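A quick write-up on the structure given underneath.
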Amino acid sequence: MPIFAKILTKGPLLKGAQMKSRNLFLKTLFFSLALAFFSVSLWATDPVKSDEPTHEEPADQSVSTEEQISEYIAHHIKDAHDFHLFSYNDASGHRKHIGFPLPVIVYTSQGVRFFMSSEFHHDDSGHQVVESDGVSLVKYHEKIYELNSGEHAVSFDEAHHPTNAHEVIDLSITKSVFGFLMVSLLMLIAFRSLAKQYKKRAVPTGFGRVLEPLVLYVRDEIARPNIGEKHYKKFTGFLLTVFFFIWTSNLLGLTPLGFNITGQLSVTFSLALFTYIITQFSGNKDYWKHIFWMPGVPVLMKVILAPIELLGTLTKPFSLMIRLFANISAGHIVIMSLLSLAIIMKGSMGASGATILALGLSFFLTLIELLVAFLQAYIFTMLSALFIGMAVQDHEHH
Amino acid sequence: MTVPNLVGAGLIVIGAGIGLGQIGRGAMEGIARQPEATGKIQTAMIIIAALLEGLAFGSLFLGK
Chain F
1 MPIFAKILTK
11 GPLLKGAQMK
21 SRNLFLKTLF
31 FSLALAFFSV
41 SLWATDPVKS
51 DEPTHEEPAD
61 QSVSTEEQIS
71 EYIAHHIKDA
81 HDFHLFSYND
91 ASGHRKHIGF
101 PLPVIVYTSQ
111 GVRFFMSSEF
121 HHDDSGHQVV
131 ESDGVSLVKY
141 HEKIYELNSG
151 EHAVSFDEAH
161 HPTNAHEVID
171 LSITKSVFGF
181 LMVSLLMLIA
191 FRSLAKQYKK
201 RAVPTGFGRV
211 LEPLVLYVRD
221 EIARPNIGEK
231 HYKKFTGFLL
241 TVFFFIWTSN
251 LLGLTPLGFN
261 ITGQLSVTFS
271 LALFTYIITQ
281 FSGNKDYWKH
291 IFWMPGVPVL
301 MKVILAPIEL
311 LGTLTKPFSL
321 MIRLFANISA
331 GHIVIMSLLS
341 LAIIMKGSMG
351 ASGATILALG
361 LSFFLTLIEL
371 LVAFLQAYIF
381 TMLSALFIGM
391 AVQDHEHH
Chain Y
399 MTVPNLVGAG
409 LIVIGAGIGL
419 GQIGRGAMEG
429 IARQPEATGK
439 IQTAMIIIAA
449 LLEGLAFGSL
459 FLGK
């Protein structure tokens, strides 16, 4: 019963020396991670060396015009190599960025290179060259390029593609990967403690009381009716994982930390890929028969239907992927756009009026996003269950 | 975004809007006739709405 339960109930911890030592281990793990998290962030809040402003950007780099705002929002939606919480101009007019760096792991032509993203000094225009053991690396629009040997600065063609550098295989712990790991850790702690409690008692205590009805809901309302009484047990684990992962990631995206985990196409792609693989591999004979040789229709129709049905198996996970990605990205864009009304309307409404308008609108939209966060997790799980159910159900032959 | 893209996006949204309205109307009428089936109707409604939404978002995404 780790940290949540303690906060929620303030009750006594589980009895038993072994239990206590395990709790201690989990708590130590949690706190050491939290400590690492904050110590890194404190280290990063030391004034970041402000490089000479590049010729492309205005001197103070503040976000004030509509173009800058849309660029800022586009930047937020994308994955990033460091955590950026906010920026401000100090008394001497230097731009200060508050955040903390994340590790960069790249596979270059010279092998694997590892360094902290703070070495790029918040530069995203490709001007800051990082020399790492014989390899020169630059970051441009959150992509890391390796300069060709002998080059010292990156140059771009008209389409803004680097001409003297090539992409590297990027295995960095980016913002989304970090969030991914954080969600996994939270889920591991919460559900491990819930599972452990059932060994001792029938009704869980603490935070488990919040989780148990949700678990039962996914099992009884999503898995059981859609997959069928006979097969649902095998897939409940996957559905529960997907449901809680998406929901937690969506909620994490609404915190001011700036996560956008489920708004990354690669994340939703992987989630949909799991559904696809599980559906195809658990499909029974009837399922494949209905795809390749649809019973009950003329032969010509069977031939026409086969490619359509085959394509249909791909469009299902594709729509799962796009739906989650588009919903979460759209939510982030709309909330940030409403917040930036405070900047855009400053001229016509005054600073306080514009701020109140922006805060009010974005407050209500955030409430809607809370609903969407749950709804998208529900829909993803529900449709996954539906697709799996279609593949495993036993057809009655007429 | 070019003009055809924008027109296409508008058409997609109009179509999706009409579709969602129809789904909502159907569900409302169903619930009004059989209030005891509210839960089942809502579930089916959300699934159909999600499928429609997936189609709309998919076409918006492909046309981007």
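Chains as they are written, first to last, in my numbering: chain F, 1 to 398; chain Y, 399 to 462. For every residue, glycine included, the Cβ atom is placed at its ideal position computed from N, Cα and C. Source: prediction; values computed, not measured.
For residue i, the first and last residue of its enclosing beta strand (DSSP E)
i, result
"L147 of chain F", "143-147"
"L137 of chain F", "135-140"
"R95 of chain F", "95-101"
"V63 of chain F", "Note, V63 of chain F: premise wrong, no beta strand (DSSP E); not H, not E."
Helix, strand or coil at residue i according to DSSP, with G and I counted as helix
i, result
"Q393 of chain F", "coil"
"E56 of chain F", "With a pLDDT of 43 at E56 of chain F, under the threshold of 50, the modelled position of that residue is not reliable, and no figure is offered here."
"M116 of chain F", "strand"
"S41 of chain F", "Model confidence at S41 of chain F stands at a pLDDT of 41, short of 50, so the residue's coordinates are unreliable; what they give is reported in the following sentence. Of the three classes helix, strand and coil, the one that applies to S41 of chain F here is helix, per DSSP."
"R201 of chain F", "coil"
"S87 of chain F", "strand"
"I173 of chain F", "coil"
"G347 of chain F", "helix"
"V129 of chain F", "coil"
"D124 of chain F", "coil"
"T400 of chain Y", "coil"
"D82 of chain F", "strand"
"G111 of chain F", "strand"
"V106 of chain F", "strand"
"D46 of chain F", "Note that D46 of chain F has pLDDT 38, beneath the 50 cutoff, so the model's placement of it is unreliable and no number is given."
"L35 of chain F", "Legend: pLDDT at L35 of chain F = 48, less than 50; position of this residue unreliable, value from coordinates given subsequently. Helix at L35 of chain F."
"K10 of chain F", "Reliability of the predicted coordinates at K10 of chain F is poor, the pLDDT of 41 falling under 50, and no value is obtained from them."
Reference residue i; option with closest CA among the options
i, options, result
"G111 of chain F", "F:K96, F:E146, F:G99, F:S87", "F:E146"
"G312 of chain F", "F:F292, F:R323, F:G331", "F:F292"
"I246 of chain F", "F:H97, F:L370, F:F318, F:G126", "F:L370"
"F387 of chain F", "F:M349, F:V334, F:Y276", "F:Y276"
"L383 of chain F", "Y:T441, Y:F455, Y:A454, Y:L460", "Y:T441"
"I261 of chain F", "F:L361, F:L211, F:F178", "F:F178"
"L211 of chain F", "F:K199, F:S149, F:S193", "F:S193"
"N284 of chain F", "F:G258, F:A391, F:L320", "F:A391"
"T163 of chain F", "F:V154, F:I169, F:D170, F:L171", "F:V154"
"S149 of chain F", "F:G134, F:V168, F:I278, F:V372", "F:G134"
"I169 of chain F", "F:F325, F:I144, F:G331", "F:I144"
"I368 of chain F", "F:I328, F:T355, F:A351, F:S348", "F:I328"
"D82 of chain F", "F:S117, F:Y88, F:S64", "F:S117"
"H160 of chain F", "F:Y232, F:H122, F:L216, F:G126", "F:G126"
"G99 of chain F", "F:H121, F:S282, F:F380", "F:H121"
"L449 of chain Y", "F:Q393, F:A385, F:I379, F:G389", "F:I379"
"T174 of chain F", "F:G208, F:I322, F:F114", "F:F114"
"H141 of chain F", "F:F274, F:D79, F:M187", "F:D79"
"G415 of chain Y", "Y:L453, Y:G461, Y:K438, Y:T436", "Y:L453"
"F191 of chain F", "F:E229, F:M345, F:T248", "F:T248"
Contacts that residue i makes with chain F (C-beta to C-beta distance below 8 Å)
i, result
"G452 of chain Y", "S319, L320, I322, R323"
"G422 of chain Y", "Within 8 Å Cβ-Cβ: nothing; G422 of chain Y doesn't reach chain F, min ~15 Å."
Range covered by the alpha helix (DSSP H) that runs through residue i
i, result
"A74 of chain F", "66-77"
"E212 of chain F", "208-217"
"P162 of chain F", "Per DSSP, P162 of chain F belongs to no alpha helix (DSSP H) and is neither H nor E."
"I227 of chain F", "224-227"
7 Å Cβ cut-off: residues of chain Y touching residue i
i, result
"M382 of chain F", "I445"
"I379 of chain F", "I444, A448"
"A354 of chain F", "Per Cβ cutoff of 7 Å: no residues; A354 of chain F is ~28 Å from chain Y at best."
"A195 of chain F", "Under the 7 Å cutoff, chain Y gives no residues; its nearest Cβ is about 28 Å from A195 of chain F."
Check: residue i C-beta below 6 Å from any heavy atom of the ligand NAP
i, result
"D90 of chain F", "Absent from the structure shown: the ligand NAP. Ligands present: none."
Interface partners of residue i on chain F, CB under 7 Å
i, result
"G419 of chain Y", "The premise fails here: G419 of chain Y is roughly 18 Å from chain F at the closest Cβ pair, so nothing lies under 7 Å."
Neighbouring residues, chain Y, relative to residue i (Cβ below 9 Å)
i, result
"A159 of chain F", "Per Cβ cutoff of 9 Å: no residues; A159 of chain F is ~17 Å from chain Y at best."
"A385 of chain F", "The contacting residues do not exist; A385 of chain F stays about 10 Å from chain Y at best."
Neighbouring residues, chain F, relative to residue i (Cβ below 9 Å)
i, result
"G415 of chain Y", "Those within 9 Å of G415 of chain Y in chain F number zero; the least Cβ separation is about 15 Å."
Output the residue ranges of the alpha helix (DSSP H) runs that lie fully inside the stretch 432-459 of chain Y and measure 4 residues or longer, sorted by chain position. DSSP assignment within the stretch 432-459 of chain Y yields no whole alpha helix (DSSP H) run of 4 residues or more.
My parser needs the beta strand (DSSP E) runs of 3 or more residues fully inside the stretch 233-313 of chain F; what are they?
Runs of the beta strand (DSSP E) inside the stretch 233-313 of chain F: none found.
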